[in-house]
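Shown next, in structure tokens, is the structure this report addresses.
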Amino acid sequence: LDMCSSAAFIILPILIGFTAAREFGGNPYLGATLGGILTHPALTNAWGVAAGFQTMNFFGFEIAMIGYQGTVFPVLLAVWFMSIVEKQLRRFIPDALDLILTPFLTVVISGFIALLIIGPAGRALGDGISFVLSTLIAHAGWLAGLLFGGLYSAIVITGIHHSFHAIEAGLLGNPAIGVNFLLPIWAMANVAQGGACLAVWFKTKDTKIKAITLPSAFSAMLGITEAAIFGINLRFVKPFIAALIGGAAGGAWVVSVHVYMTAVGLTAIPGMAIVQPTSLVNYIIGMVIAFAV
């Protein structure tokens, strides 16, 4: 089970490199290659840095030979830079040489800059975000859960919530943290939207509204809230506000009792599959609180 759950994090930069390059308009295979460079066996595993690491002198520049296993921000920034380099090179390299020179120069330039500047900067950014969040959770406790749980559904409206996946993956990949303490909070917010949507189903007499509220509520209980938020709750306002309150209550609970998850992606009822076994009962209690409120 440990092998199955941790396998993706071993090659996470490669997977992110492929998909990020596609989003940034670059060659996804070059993005995957850059991710492979950042996790090359010649680099000291990031989780074993305490035992010491080597440096390499590259034309007068000292490069720390430290890998980026399990990291997110370094490869995202590196692939973004790589995509820019690739596009610029294609503007100047003749078509006859493009197939040979462009990939080679793109990988060499991007790999060097990634190891020298972007990688360390990205690692510092990811560690900084993780530190701020973990410190906030540790010191603010249930108040942080109250705030995050109450605001999450409002953030979903903007679409910014998709960026949280990178932060969550960074938490899991950070050996000092190793758990996802954000996803249980988001899960409570999703369940609360489902509960509010179901309340509309009970109260409304409009058959057309009834026809869409029940499947929307069920979808939210599975972690997909867009139908409930945009189709029902936001339309009637009060259910959406009630869901924000429910998400805040559930978020405060899961933070106060230290509910953690071991992966990313699943929330609400399916999220029970990735909740730490010792946290499962408290996770279910949190869902009941969020749903009922």
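Heads up: the sequence shown is residues 53 to 345, going by the numbering used here.
Backbone N, C-alpha and C fix where the C-beta goes; we use that ideal spot for every residue, glycine too.
Suppose the cutoff is 7 Å on Cβ atoms and the five residues either side in sequence are ignored; what does the same chain contact list for residue i look like?
i, result
"SER182", "GLY222, LEU223, ASN226 and ILE229"
"GLY283", "ILE264 and SER268"
"LEU53", "Residue placement at LEU53 is poorly supported in this model, since its pLDDT is 49, which falls under 50; the coordinates still yield a value, given next. Correct list: empty, nothing qualifies."
"ILE145", "LEU153 and THR154"
Restricting to Cα atoms, I'd like to know which of the options is closest to residue i.
i, options, result
"ARG142", "ALA315, PHE156 and VAL131", "PHE156"
"VAL316", "SER308, ALA325, HIS310 and ILE161", "ALA325"
"MET240", "GLU75, ALA73 and THR319", "THR319"
"ALA272", "VAL289, ALA248, LYS260 and ILE293", "ALA248"
"THR277", "TYR204, ALA304, VAL306 and HIS217", "TYR204"
My output table needs one value for residue i: the three-state DSSP class, helix, strand or coil.
i, result
"THR256", "coil"
"THR265", "helix"
"VAL345", "coil"
"THR187", "helix"
"VAL327", "strand"
"ASN242", "helix"
"ASN334", "helix"
"ASN79", "coil"
"ASN232", "strand"
"GLY275", "coil"
Name the DSSP beta bridge partners of residue i, please?
i, result
"ALA118", "The displayed chain sequence assigns Ile, not Ala, to residue 118. For ILE118, which the question treats as bridged, DSSP gives the partners THR96."
"VAL340", "The partner list for VAL340 (beta bridge, DSSP) is empty, contrary to what the question assumes."
"MET313", "ASN232 and VAL327"
Go through its chain and collect everything with a Cβ distance to residue i's Cβ below 8 Å, but skip five positions before and after it.
i, result
"GLY77", "SER135 and LYS139"
"THR314", "SER57, LEU224, VAL231, ASN232, ILE326, VAL327 and GLN328"
"LEU234", "LEU185, PHE200, PHE216, ILE219, GLU220 and LEU223"
"LEU195", "ALA304"
Ignore the nearest five residues each way along the sequence and tell me which others in residue i's own chain have a CB closer than 6 Å to its CB.
i, result
"ASN334", "VAL309 and VAL311"
"ALA102", "Reliability fails at ALA102, whose pLDDT of 47 lies under 50, so the model's placement of it is uncertain and the value that follows must be treated cautiously. So no residue of the chain qualifies."
"HIS213", "ILE207"
"PHE292", "ASN285 and LEU286"
"ALA300", "LEU198, GLY201 and GLY202"
"ALA279", "SER268 and SER271"
Here's the rule I'm using: 16 or more other beta-carbon atoms within 10 Å means buried, otherwise exposed. How should residue i be labelled?
i, result
"ARG175", "buried"
"ALA65", "Before going further, note that residue 65 is Pro rather than Ala in the sequence given. With 16 or more Cβ atoms within 10 Å of its Cβ, PRO65 is classed as buried."
"PHE70", "buried"
"THR91", "buried"
"GLY119", "buried"
"ALA73", "buried"
"THR123", "buried"
Return yes when the C-beta of residue i is under 7 Å from any heavy atom of the ligand ADP, and no when it is not.
i, result
"GLY275", "With respect to the ligand ADP, the structure shown offers nothing to examine, as it has no ligands at all."
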